[in-house]
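Okay, so the sequence shown: first residue is 14 according to this note's numbering, each after it adds one.
Single-structure report; data block below.
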Amino acid sequence: MSQNNSKSLVGKGYLFPFILVTSLFFLWGFARAILDVLNKHFQTELDISISQSAMIQVTTYLCYFLMAIPAGMFINRYGYRKGVVLGLLLFAAGSLLFIPGNTFVAYLGALAVIGCGLTFLETAANPYATELGPKETSTSRLNLSQSFNGLGSIFAPLILGNYLFSDGGDVTLPYTIMGIMVFIVALIFSKVKLPEIVHEENDTIQENTPKNPFKQLFSNSFFVLGLIALLSYEVSEISINSYFINFTTGMGWLNNIEASNILALALAFFMIGRFLGSWIMCKIKAEMVMLVCATGSVICMILVLLNIQPLSIVGLIGNYVFEAIMFPTIFALTLKGLGNLTKTASSILMMTPIGGCGFLLMSYIADATSLVLPFAIPLAGFILVWIFSFSALHRSTVRKS
14 MSQNNSKSLV
24 GKGYLFPFIL
34 VTSLFFLWGF
44 ARAILDVLNK
54 HFQTELDISI
64 SQSAMIQVTT
74 YLCYFLMAIP
84 AGMFINRYGY
94 RKGVVLGLLL
104 FAAGSLLFIP
114 GNTFVAYLGA
124 LAVIGCGLTF
134 LETAANPYAT
144 ELGPKETSTS
154 RLNLSQSFNG
164 LGSIFAPLIL
174 GNYLFSDGGD
184 VTLPYTIMGI
194 MVFIVALIFS
204 KVKLPEIVHE
214 ENDTIQENTP
224 KNPFKQLFSN
234 SFFVLGLIAL
244 LSYEVSEISI
254 NSYFINFTTG
264 MGWLNNIEAS
274 NILALALAFF
284 MIGRFLGSWI
294 MCKIKAEMVM
304 LVCATGSVIC
314 MILVLLNIQP
324 LSIVGLIGNY
334 VFEAIMFPTI
344 FALTLKGLGN
354 LTKTASSILM
364 MTPIGGCGFL
374 LMSYIADATS
384 LVLPFAIPLA
394 GFILVWIFSF
404 SALHRSTVRK
414 S
C-alpha cells in the first residue's frame, strides 16, 4: 500500500513552472465560487426563482462542454502556455463585460465568455500539473495544485457574499477588479517561457485499435469509466455548492450573509481536505484514498436526506472534506498511461463541468417538492464515483500482481 517515498513531488527544474501554473487554480476556483453567490444575489435583486437563477450555472458550464474539444485542439497545436494565455484573455474579457451589462441576459453573456476562458485554463493546467514531475506522484501533485483552487473558492463567498448581500452591493465592481487582475496575469504568462512537455506513446491502447485519438480513448473502458465518474462528481459537487445558500436559508437556519460565510467555512474544509489528501497520497495509494472518500461522501448525503438535526448539517459540511480530492484524483488516474493521448483525453475530461447544469434539476425538484429531496442527485453521483474508485483499486492491484 505504501508508495515509493524517494520520488519527489515536483521534477528537477520544474518548481517555478509548477508554482506559476498552480496560481491559475486559485483564479478559476475564485471565478467558479462566485457563481454560488451570484445565484442567490440575482434571485433577490432581479426577483427570479431558483430554477431561473440556475441559468447562471447552466450558461457557464455549458461553455465547458462546447469549448473543451476546441480548447484541446488548440493546446495540441500550440502548446500549454498559449492555451493558458488565451484562456486568461477570455477570462479577463468576460469579467470586463460586466461593466456595460445591466440585465440578466447581458450578465449571462459575460459569464459565457468567462466560461470559455476557464475551459482553456483548466484543459491546459490540469494535465500540465500532472506532468511536472515523476509519474508516481502525479496524483499527489495535482491534488496539491487543486488545493489552491479550494483557497480561491473560500475567498469568493467570504468577500463577495458580504459585499453583494450588504446594502448597495453591485456585481460590476468585483468583476472589473478581477478582469484587470486576470489581464495582468495573462501578460505575465505571455512573457514567461514554460517548458513544453513531450509525451511518450501511450501504453494502454492496443496496437490494433483505431488510430483516431477519440476512438482510441473510447475503446479504453477505464477511460470511459473515469469520464463517467468525473461527470458524476461535477454534478454532485457543483450542485451542492450552488444549492448551499438556497438550502440553508430556505430551511430557516441562516440569513444570506451567514449562509455565505458558512459556505466559505465549508470550502475551507474542502481546501484542508485537498492539502491533507495530497500528503496522504504520498504514503497511501491514491486509489485506496479515493475509495474511502467516496464512501464518506455517500454516507454524508444519506445523512442530509434523513433530515435529522444535527446529523444533516454534519453530513452537509462533512462532505466537503471527503469530496475534496475527487476531481484531481479521478482526473490524474484516468490520464495515467495515456501518453500522447493526454491532451486529447484532457479536453474530453474538461467537458464534464457540464455537470454543473445538474443544479437546474435540483432547483426544479426543490421548487416542485421539498428543499431536502434534491440531495438525491449528488447521492447518485457519489455512488458512481464509488464504483470508479473500487474499479481503480482493483485495476491497480491486478497490475501490481
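Think of the CB as a built atom: it goes at the ideal place given N, C-alpha and C, for glycine as much as any other residue.
Can you round the beta-carbon distance between residue i and residue j to whole angstroms, since I take them to be within the 8 Å contact cut?
{"i": "residue 186", "j": "residue 133", "result": "With a Cβ gap of about 26 Å, residue 186 and residue 133 do not count as contacting."}
{"i": "residue 94", "j": "residue 202", "result": "7 Å"}
{"i": "residue 239", "j": "residue 403", "result": "Going by Cβ atoms, the distance from residue 239 to residue 403 rounds to 13 Å, so no, they are not a contact pair."}
{"i": "residue 246", "j": "residue 111", "result": "Incorrect: roughly 29 Å between the Cβ atoms, too far for contact."}
{"i": "residue 52", "j": "residue 69", "result": "6 Å"}
{"i": "residue 156", "j": "residue 287", "result": "6 Å"}
{"i": "residue 85", "j": "residue 136", "result": "6 Å"}
{"i": "residue 273", "j": "residue 258", "result": "6 Å"}
{"i": "residue 280", "j": "residue 170", "result": "7 Å"}
{"i": "residue 308", "j": "residue 399", "result": "6 Å"}
{"i": "residue 158", "j": "residue 284", "result": "At roughly 12 Å, the Cβ-Cβ gap does not stay under 8 Å, so residue 158 and residue 284 are not in contact."}
{"i": "residue 359", "j": "residue 348", "result": "7 Å"}
Does DSSP put residue i in a helix, a strand or coil?
{"i": "residue 172", "result": "helix"}
{"i": "residue 338", "result": "coil"}
{"i": "residue 43", "result": "helix"}
{"i": "residue 380", "result": "helix"}
{"i": "residue 209", "result": "coil"}
{"i": "residue 26", "result": "coil"}
{"i": "residue 67", "result": "coil"}
{"i": "residue 111", "result": "coil"}
{"i": "residue 419", "result": "Nothing can be reported for residue 419: it is not among the residues displayed for the chain, which extend from 14 to 414."}
{"i": "residue 50", "result": "helix"}
{"i": "residue 323", "result": "coil"}
{"i": "residue 294", "result": "coil"}
{"i": "residue 231", "result": "helix"}
{"i": "residue 385", "result": "coil"}
{"i": "residue 147", "result": "coil"}
{"i": "residue 350", "result": "coil"}
{"i": "residue 182", "result": "coil"}
{"i": "residue 225", "result": "coil"}
{"i": "residue 21", "result": "coil"}
{"i": "residue 57", "result": "helix"}
{"i": "residue 410", "result": "helix"}
{"i": "residue 36", "result": "helix"}
{"i": "residue 363", "result": "coil"}
{"i": "residue 245", "result": "helix"}
{"i": "residue 165", "result": "helix"}
Whole angstroms are fine: how far does the CA of residue j sit from the CA of residue i?
{"i": "residue 168", "j": "residue 43", "result": "7 Å"}
{"i": "residue 365", "j": "residue 244", "result": "5 Å"}
{"i": "residue 289", "j": "residue 304", "result": "15 Å"}
{"i": "residue 385", "j": "residue 127", "result": "31 Å"}
{"i": "residue 24", "j": "residue 36", "result": "18 Å"}
{"i": "residue 73", "j": "residue 306", "result": "28 Å"}
{"i": "residue 292", "j": "residue 410", "result": "21 Å"}
{"i": "residue 80", "j": "residue 297", "result": "36 Å"}
{"i": "residue 175", "j": "residue 270", "result": "6 Å"}
{"i": "residue 152", "j": "residue 329", "result": "26 Å"}
{"i": "residue 316", "j": "residue 332", "result": "10 Å"}
{"i": "residue 194", "j": "residue 265", "result": "37 Å"}
{"i": "residue 26", "j": "residue 318", "result": "49 Å"}
{"i": "residue 369", "j": "residue 204", "result": "34 Å"}
{"i": "residue 218", "j": "residue 237", "result": "Unreliable positioning characterises residue 218 in this predicted model, as indicated by a pLDDT of 49, which lies under 50. The coordinate reading is nonetheless provided below. Cα-Cα distance, rounded: 13 Å."}
{"i": "residue 372", "j": "residue 38", "result": "23 Å"}
{"i": "residue 254", "j": "residue 122", "result": "22 Å"}
{"i": "residue 262", "j": "residue 131", "result": "29 Å"}
{"i": "residue 379", "j": "residue 300", "result": "35 Å"}
{"i": "residue 302", "j": "residue 183", "result": "42 Å"}
{"i": "residue 361", "j": "residue 396", "result": "22 Å"}
{"i": "residue 334", "j": "residue 242", "result": "18 Å"}
{"i": "residue 179", "j": "residue 353", "result": "50 Å"}
{"i": "residue 77", "j": "residue 129", "result": "6 Å"}
{"i": "residue 48", "j": "residue 355", "result": "30 Å"}
{"i": "residue 67", "j": "residue 21", "result": "43 Å"}
{"i": "residue 31", "j": "residue 146", "result": "9 Å"}
{"i": "residue 91", "j": "residue 141", "result": "14 Å"}
{"i": "residue 189", "j": "residue 363", "result": "27 Å"}
{"i": "residue 102", "j": "residue 295", "result": "35 Å"}
{"i": "residue 346", "j": "residue 105", "result": "32 Å"}
{"i": "residue 377", "j": "residue 387", "result": "9 Å"}
{"i": "residue 405", "j": "residue 82", "result": "26 Å"}
{"i": "residue 149", "j": "residue 260", "result": "41 Å"}
{"i": "residue 222", "j": "residue 230", "result": "For residue 222, the predicted model reports a pLDDT of 48, less than 50, meaning its position is unreliable and no value from the coordinates is stated."}
{"i": "residue 154", "j": "residue 351", "result": "18 Å"}
Just to confirm, does residue i get its C-beta within under 8 Å of one of the non-hydrogen atoms of the ligand HEM?
{"i": "residue 171", "result": "What this structure holds is no ligand at all, so the ligand HEM is not there to describe."}
Check the Cβ-Cβ distances between residue i and every residue of chain D, and say whether any is below 9 Å.
{"i": "residue 244", "result": "Absent from the structure: chain D. Only one protein chain is present."}
*Looking at C-beta atoms only, is the number of pairs between the region 115-122 and the region 194-201 that lie closer than 8 Å three or more?*
Contact annotation: the region 115-122 does not touch the region 194-201, with fewer than three C-beta pairs closer than 8 Å.
_Touch test, the region 155-165 against the region 47-62, Cβ-Cβ under 8 Å, three pairs minimum_ = no
*Kindly confirm or deny that the region 384-399 and the region 246-266 touch, where touching means at least three C-beta pairs closer than 8 Å.*
yes
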